[in-house]
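Asker:
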């Protein structure tokens, strides 16, 4: 069975099946044996019978039955296409035989379509009358040749050669113009993240005029869309081609690379051609996308925690782990700064050291900047969680000479001093703001000290002592941290009562040898009496 594939088409062409149904043909359609190929007046169709013998061209304005005769591999020879001598002699003999029937004598014609229009040809001419009565012609003659000689004719006598005349050549007919709709295709280049646009009909050639050409459909990534519709390819972008040829390609964010060319079909109402739209996307260096780092969000958790008063050294990979570069470039940290509640430095080995402020706890922050190695930079913020620790209280020494810590700690000689705890704690502090209490006292000099049940402290100077006396006290912040400070008490002197000793003649230590004879006056030197007397303050007695 002969089948043919349409490999080229100009104008319009149709196929009619045995039931009379018509279908318009396009490139790639297959015709079955027995179908009738119909071409428009100015069109043509080229067929491939897939037998390797070449293609067959059917010109415009024809109706041809698809059969093996159309196959160029089965061309009819000259002998088969012309009448032979033997056939002519048989035909003449049959015509001279008045009694014979031509239908019996001659071979039947080849099978095919019916006569006239039914065989895809023209109808025969039908005569209005096929017979007419006429009188026979007759001639009368006199005499004649009773017997004659047959003369063999040997050819025409020689005559002078006739002068040859050049025939006037007939002018060649002007060929009917063929509509050669054509399109050379389009190509466009755009940068990454930029929209490409243009018109696919800019390179369309059409004798009917560019305004007659329109886009009917296009195909892209195995998608077929009508003009004006949008085709979408995941990971690449979207493409729209309008009927007037205007196209728009929108790439997805950060896409660059190869894109499959789109094929589109252009028609002028009579002819249709297919062309391509090539699109390329040029890469650009994208800005890195560093993520903020903290210790609360799992997606960006860099375990950024340090204790109060403790510096934290951070590896660069810790901060870069959740950062990315759209182009896949390797990121490096080039600077740090803008620290709050602490200080930050970028070390020579690439590590980062963050030092919280003294006694600070809570959230501290700093910024870091990354570079992709191609000139693009971006910054992100790091949040460091500084956990509190129990700081040691800082009690201040108490005395009566320094205004900043003056507790007015003064007492008179031989007079005990009761001190309220707030007097000692007033100039003490705790870095954590804890409430301090005095838990013990001791190590007194020039006196004694005691912590009373009500929280007061009693200092008692030694007898008759005056001057500076000291003792220590210890504070507790309620969280196990303690510290001690020293209290200096100024003991002011008082005038003590002299202590004269009785004088007699019985105690050697105080014996003033006070003896005289009867009736004899005794003169006593004052020193004799004062010798065993004393004054607590060392004053001179008289």
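In the UniProt record's numbering, the protein residues as written are 1 to 542. All C-beta atoms in this analysis are idealised placements derived from N, C-alpha and C, irrespective of residue type, glycine included.
What do you get for residue 194, buried or exposed, if any count of 16 or more other CB atoms within 10 angstroms of its CB means buried?
Answerer: Residue numbering aside, residue 194 sits at position 194 when the chain shown is read from its first letter. Residue 194 should be labelled exposed.
Asker: Look up residue 356 in the DSSP assignment and give the residues it is bridged to.
Answerer: Sequence index remark: in the chain shown, residue 356 carries index 356 (1-based). 342.
Asker: Is the stretch 357-375 in contact with the stretch 412-427, if contact means three or more CB pairs nearer than 8 Å?
Answerer: The stretch 357-375, when compared against the stretch 412-427, does not touch it at the 8 Å Cβ threshold.
Asker: Taking a contact to mean a Cβ-Cβ separation below 8 Å, would you say residue 436 touches residue 398 in this structure?
Answerer: Your numbering for residue 436 matches position 436 in the chain shown. Your numbering for residue 398 matches position 398 in the chain shown. Going by C-beta atoms, residue 436 is not nearer than 8 Å to residue 398.
Asker: Let me check you understand the geometry: is the CB of residue 456 closer than 7 Å to at least one non-hydrogen atom of the ligand SAH?
Answerer: The model depicted lacks the ligand SAH and carries no ligand whatsoever.
Asker: Less than 8 Å between the CB atoms is what I'm expecting for residue 342 and residue 357, so what's the real figure, rounded?
Answerer: Taking the first residue of the chain shown as 1, we reach residue 342 at position 342. Taking the first residue of the chain shown as 1, we reach residue 357 at position 357. Right, the Cβ-Cβ distance comes to about 5 Å (below 8 Å), so this counts as a contact.
Asker: Kindly indicate which residue of 90, 12 and 450 has the alpha-carbon position closest to the one of residue 58.
Answerer: By 1-based counting over the chain shown, the position of residue 58 is 58. Closest by alpha carbon: 12.
Asker: Are residue 459 and residue 481 closer than 8 Å when you measure CB to CB?
Answerer: Mapped onto the chain shown, residue 459 falls at position 459. Mapped onto the chain shown, residue 481 falls at position 481. Contact flag unset, no.
Asker: Alpha carbon to alpha carbon, how far is residue 43 from residue 233?
Answerer: Start at 1 with the first residue of the chain shown, and residue 43 comes out as number 43. Start at 1 with the first residue of the chain shown, and residue 233 comes out as number 233. Residue 43 and residue 233: Cα-Cα distance of roughly 38 Å.
Asker: So, are the CB atoms of residue 472 and residue 488 less than 8 Å apart?
Answerer: Along the chain shown, one-based indexing puts residue 472 at 472. Along the chain shown, one-based indexing puts residue 488 at 488. No, the pair does not count as a contact, with Cβ atoms beyond the cut-off.
Asker: Rounded to a whole number of angstroms, what is the C-alpha to C-alpha distance between residue 350 and residue 320?
Answerer: Against the chain shown, residue 350 aligns to sequence position 350. Against the chain shown, residue 320 aligns to sequence position 320. Each residue's alpha carbon lies about 12 Å from the other.
Asker: Below 8 Å on the Cβ atoms is my guess for residue 68 versus residue 2; work out the distance and round it to an integer in Å.
Answerer: Sequence index remark: in the chain shown, residue 68 carries index 68 (1-based). Sequence index remark: in the chain shown, residue 2 carries index 2 (1-based). At roughly 5 Å, the Cβ-Cβ gap stays under 8 Å, so residue 68 and residue 2 are in contact.
Asker: Is the beta carbon of residue 383 sitting closer than 8 Å to the one on residue 365?
Answerer: Residue 383 sits at position 383 when you count from the first residue of the chain shown. Residue 365 sits at position 365 when you count from the first residue of the chain shown. Yes; because the gap between Cβ atoms is below 8 Å, this pair is in contact.
Asker: What residues are listed by DSSP as bridge partners for residue 39?
Answerer: Numbered from its first residue, the chain shown carries residue 39 at position 39. Answer by DSSP bridge pairing, in chain order: 13.
Asker: Judging by CA-CA distance, which residue of 338, 322 and 438 is the nearest neighbour of residue 332?
Answerer: The residue labelled residue 332 in the question sits at position 332 within the chain shown. For residue 332, the nearest C-alpha among the options comes from 322.
Asker: Using DSSP with H/G/I as helix, E/B as strand and the rest coil, what is residue 293?
Answerer: Counting from one through the chain shown, the residue named residue 293 turns up at place 293. Three-state result, residue 293: strand.
Asker: With a threshold of 8 Å on Cβ separation, who are the neighbours of residue 411 within its own chain once the five nearest residues in sequence on each side are excluded?
Answerer: Numbered from 1 along the chain shown, position 411 holds the residue referred to as residue 411. 417, 459, 461, 489, 490, 491 and 492, listed in sequence order.
Asker: Ignore the nearest five residues each way along the sequence and tell me which others in residue 389's own chain have a CB closer than 6 Å to its CB.
Answerer: Position 389 of the chain shown holds residue 389. Excluding sequence neighbours, residue 389 sits near 307 and 308.
Asker: So which of 515, 534, 518 and 519 has the shortest CA-CA distance to residue 499?
Answerer: Walking along the chain shown from the start, residue 499 turns up at place 499. Residue 534 is the option with its Cα nearest to residue 499.
Asker: I'd like to check one pair, residue 15 with residue 37: are the Cβ atoms closer than 8 Å?
Answerer: Locating residue 37 in the chain shown gives position 37, where the first residue counts as 1. Locating residue 15 in the chain shown gives position 15, where the first residue counts as 1. In this structure, residue 15 lies closer than 8 Å to residue 37 by Cβ.
Asker: Runs of 4 residues minimum, wholly inside the stretch 364-445: which ones carry the alpha helix (DSSP H) assignment?
Answerer: Qualifying alpha helix (DSSP H) stretches, in chain order: 421-425.
Asker: Could you check what DSSP says for residue 200 in three-state terms: helix, strand or coil?
Answerer: Walking along the chain shown from the start, residue 200 turns up at place 200. DSSP places residue 200 in helix when its eight states are reduced to three.
Asker: Does the distance from the C-beta atom of residue 41 to that of residue 60 stay below 8 Å?
Answerer: In the chain shown, the residue the question calls residue 41 occupies position 41. In the chain shown, the residue the question calls residue 60 occupies position 60. A contact, by the Cβ cut-off of 8 Å.
Asker: How would you call residue 39, buried or exposed, if buried means at least 16 neighbouring beta carbons within 10 angstroms?
Answerer: Sequence index remark: in the chain shown, residue 39 carries index 39 (1-based). Result: buried.
Asker: How would you label residue 50, buried or exposed, when you count the other beta carbons within 10 angstroms and need 16 or more for buried?
Answerer: Here residue 50 is taken as the residue at index 50 of the chain shown, counted from 1. So residue 50 counts as exposed.
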